[in-house]
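This report concerns only the one structure given below.
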Amino acid sequence: MKMLEAKDIKKSFGDNEVLKNISFEVNKGDVLAIIGPSGSGKSTLLRSITQLETIDSGEINICGDNLVKTDSFGNAVYAGKKERAAIARHLGLVFQNFNLFPHFSVMRNITEAQRKVLGRSKDSSEEIARKLLKKMGLENKENAYPCELSGGQQQRVSIARALALSPEILLFDEPTSALDPELTVEILKVIRELAAEKMTMIVVTHEMLFAESVADRVIFMDGGYIIENGTPEEVFRKSNNERTKAFLGKLTGERSGR
Amino acid sequence: MTIQNIISQLGEGMLKTTILFACTLVIALPLGLVVAFGRMSKLSLFSKNFKPIRLLTQIYISVMRGTPLMLQIMVVYFGPYYLFGVKINSSYQIYAAIIAFSINYAAYFAEIYRGGIESMPTGQYEAAKILGFTKTQTFFRIIFPQVIKRILPSVTNEVITLVKDTSLAFVIAYAEMFTIAKRIAAKETSMIPFVAAGIFYYVFNLIVALVMNKLEKNMSYYK
């Protein structure tokens, strides 16, 4: 079953075209890893799917609902405000910089949207939060404030905050880029566990080994294009594309140099 | 005139100073937020660059900050009679003082609010949007509580200035503390009223500083 369908997405910032004819699909339970050099359009793509950016033309369908399509003049036409809000409810997003609310305790970070957006009761939202905190290994942190936590712990809270709204697709925008290597491992472990539970996920990442071992599909982007879209085996091992090989080769070079 | 006598006369003035101070804060703090919204308004008319609400509030802030508060007090007090022939009596003094102080301080507070709001990282808005909060919820639950913490030191500065500025109400013969001190000093050729006035303002501001310090401490549970 298709959870996400993107067709011919185009997006420019001024004269700079950052997304050029992007098309791909994500099936239920799949983990899609998006890799590529910085400035290749990965984050913009994620932000376009989550409505933090609007696209210039193309089509996006999420869980069978149409978010945006293109009219006969080639302009993007978005769904109405209510529909857009409903579509946004299918998605959760985990940011590179966590973006927790610093003035709320860990508990309130996770319960606030459940209560004010979904209208859940205090008790049931706290019960859900406690379950998620336990899953994240943070059961004794519910009264802590974000500033008292390590980066890895903060990121796990932000994953719990996203999961609390029961999204159908969870998106990660470079979730480990702000973290030390040992904290990175913590987060990757959590994503691995979610993958094992068949959570549908899209992960923009620089962790190639992680992408190779966890993802069902890998997209390699460069210069606003999708250069590769295939299984990890196809992209990492069997690609004949010069740009892909150059990008992956540079990384392996760095690794062996360490 | 005995010292007790002087103090009791000054006491009346202190009460009036305190009333002017408190009323100004109660009006100017929320009014400043409204002005700040106007100053940040994105509403445009006719062309993309013509933003009428923003322009109006910009002019308002510019005039309030660019002309003496003493002059503004006089305009508010004498304006109704000079401009429209409306008869005014001395009971209008307190209202004129409160109106003039409120619209003046609202302009300063507006700029403080704006500075605080614009210093908030966009990530907070984006996280709130992704979680489905409405714009109103985002502002009042996520953004504004954090803005208060950021702007508290600047607000303290303004509040302390306000305590001292209340003495400007003497220009419309509003009998606040300083007006009375001056009157007694002239009559008795004595320094005591001035010393008493100085002590009063100092203690008042000491209390303001302590209260604001406490507020800052209460908000220091997060960074």
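First to last, the sequence lines map onto chains A and B.
Using my numbering, you'd call the opening residue of the first sequence number 141 and step up by one each time.
Using my numbering, you'd call the opening residue of the second sequence number 33 and step up by one each time.
Just so it is clear, CB atoms sit at the ideal spot from N, CA and C, and this is done for glycine as well.
Going by DSSP in three states, residue i sits in which element: helix, strand or coil?
{"i": "B:E208", "result": "coil"}
{"i": "A:L192", "result": "coil"}
{"i": "B:I120", "result": "coil"}
{"i": "A:A146", "result": "strand"}
{"i": "B:Y253", "result": "coil"}
{"i": "A:E314", "result": "coil"}
{"i": "A:D411", "result": "Examination of residue 411 of chain A is not possible in this model, given that chain A is present from 141 through 398 alone."}
{"i": "A:M361", "result": "strand"}
{"i": "A:L233", "result": "strand"}
{"i": "A:E308", "result": "coil"}
{"i": "A:V343", "result": "strand"}
{"i": "A:V95", "result": "Any question about residue 95 of chain A goes unanswered here, given that chain A covers just 141 to 398."}
{"i": "B:T221", "result": "coil"}
{"i": "A:E337", "result": "coil"}
{"i": "B:F202", "result": "helix"}
{"i": "A:L240", "result": "coil"}
{"i": "A:M198", "result": "The question names Met, yet the displayed sequence has Gly at residue 198 of chain A. Reduced to three states, the DSSP call for A:G198 is strand."}
{"i": "A:K281", "result": "coil"}
{"i": "A:A173", "result": "strand"}
{"i": "A:S290", "result": "coil"}
{"i": "A:D356", "result": "coil"}
{"i": "B:K48", "result": "helix"}
{"i": "A:A216", "result": "strand"}
{"i": "A:N249", "result": "helix"}
{"i": "A:N206", "result": "strand"}
{"i": "B:N81", "result": "coil"}
{"i": "B:G148", "result": "helix"}
Go ahead and label residue i buried or exposed: buried means 16 or more other beta carbons lie within 10 angstroms of its beta carbon, across all protein chains shown.
{"i": "B:E248", "result": "exposed"}
{"i": "A:G364", "result": "buried"}
{"i": "A:R301", "result": "buried"}
{"i": "B:T49", "result": "buried"}
{"i": "B:L47", "result": "exposed"}
{"i": "A:G204", "result": "exposed"}
{"i": "B:Q36", "result": "exposed"}
{"i": "B:L103", "result": "exposed"}
{"i": "B:V243", "result": "exposed"}
{"i": "B:Y206", "result": "buried"}
{"i": "B:I239", "result": "exposed"}
{"i": "A:G259", "result": "exposed"}
{"i": "B:L52", "result": "buried"}
{"i": "A:T345", "result": "buried"}
{"i": "B:R146", "result": "buried"}
{"i": "B:F78", "result": "exposed"}
Mind pulling the chain A residues with CB within less than 7 angstroms of residue i?
{"i": "B:I174", "result": "F241"}
{"i": "B:K255", "result": "P242, C287"}
{"i": "B:Q169", "result": "K256"}
{"i": "B:P177", "result": "H243"}
Under 8 angstroms between beta-carbons, which chain B residues line up against residue i? List them in chain order, please.
{"i": "A:F235", "result": "G155, E158, A159"}
So which residues on chain A does residue i lean against when the C-beta distance must stay under 9 angstroms?
{"i": "B:G164", "result": "A225, A228, R229, A253, K256, V257, L258, L305"}
So, for residue i: in the same chain, excluding its five sequence neighbours on each side, which residues have a beta-carbon less than 8 angstroms away from its beta-carbon?
{"i": "B:D197", "result": "L101, F133"}
{"i": "A:R398", "result": "Low local confidence applies: a pLDDT of 38 at A:R398 is under 50, so the model's placement there is unreliable, with the coordinate-based value given in what follows. Counting only Cβ-Cβ distances below 8 angstroms, and skipping sequence neighbours, we find nothing."}
{"i": "A:M348", "result": "I175, F376, L388, L391"}
{"i": "A:T190", "result": "A228, L231, L233, L311"}
{"i": "A:F238", "result": "P286, G291, Q294, Q295, V297, S298, A318"}
{"i": "A:A269", "result": "M247, I250, T251, Q254, E282, A300, A304"}
Run through chain B and tell me which residues come within less than 9 angstroms of residue i, C-beta to C-beta.
{"i": "A:L192", "result": "E158, K161, I162"}
Return the chain-ordered list of same chain residues with a C-beta closer than 6 angstroms to the C-beta of residue i, the five sequence neighbours on each side being excluded.
{"i": "B:I59", "result": "S134"}
{"i": "B:Y140", "result": "E190"}
{"i": "A:I202", "result": "L144, I227, H230"}
{"i": "B:T170", "result": "A160"}
{"i": "A:S265", "result": "T251, Q254, R255"}
{"i": "A:V158", "result": "K151, G181, T184, G364"}
{"i": "A:Q236", "result": "D313, E314, S317, A318"}
{"i": "B:S186", "result": "I144"}
Please list, in chain order, the chain C residues whose beta carbon lies closer than 9 angstroms to that of residue i.
{"i": "B:P185", "result": "You won't find chain C in this structure, because its protein chains are A and B."}
For residue i, which residues from the same chain have a beta carbon less than 7 angstroms from its beta carbon, with the 5 sequence-adjacent residues on both sides left out?
{"i": "B:F236", "result": "V195"}
{"i": "A:K378", "result": "none"}
{"i": "B:T89", "result": "V67, G70, R71"}
{"i": "B:V118", "result": "P112"}
{"i": "A:K147", "result": "S163, G198, E199"}
{"i": "A:G214", "result": "S197"}
{"i": "A:N167", "result": "M141, K142, M143"}
{"i": "A:S396", "result": "In this predicted model, A:S396 has a pLDDT of only 47, less than 50, meaning its place in the structure is not dependable; the value taken from the coordinates is given anyway. Cβ within range, chain order: n/a, list empty."}
In chain order, what residues of the region 268-293 of chain A put their CB closer than 9 angstroms to some CB of chain B? Y285, P286, C287, E288
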